[in-house]
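Chemist:
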Amino acid sequence: VLCAGLKNTEFISKQDPYVCVEYEDARVRTRTCT
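So for the sequence shown, the working numbering puts the first residue at 1447; every next one is plus one.
(1) State the start and end residues of the unbroken beta strand (DSSP E) segment that holds residue 1456.
(2) In three-state DSSP terms, what is residue 1468?
(3) If you run the structure through DSSP and keep just helix, strand and coil, what is residue 1473?
In C-alpha cells:
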C-alpha cells in the first residue's frame, strides 16, 4: 500500500497521516507518519 502526494490541508501544522484497514472482524491501524 502506498500513498504519496497528499495535499496539506492543515493551516498551522503538518498532516499526520495514517491508514486504517478493516477486513471482516480484524482492524489494523498503522503508526502515524510524522
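The beta-carbon is built from N, C-alpha and C at its ideal position, and this holds for glycine as well.
Modeler: Based on what the coordinates show:
(1) As a position in the sequence shown, residue 1456 is number 10, starting the count at 1. First-last for residue 1456: undefined, no H or E at that position.
(2) Numbered from its first residue, the sequence shown carries residue 1468 at position 22. If DSSP states are grouped into helix, strand and coil, residue 1468 belongs with the strands.
(3) On the sequence shown, position 27 is the one that residue 1473 refers to. Strand at residue 1473.
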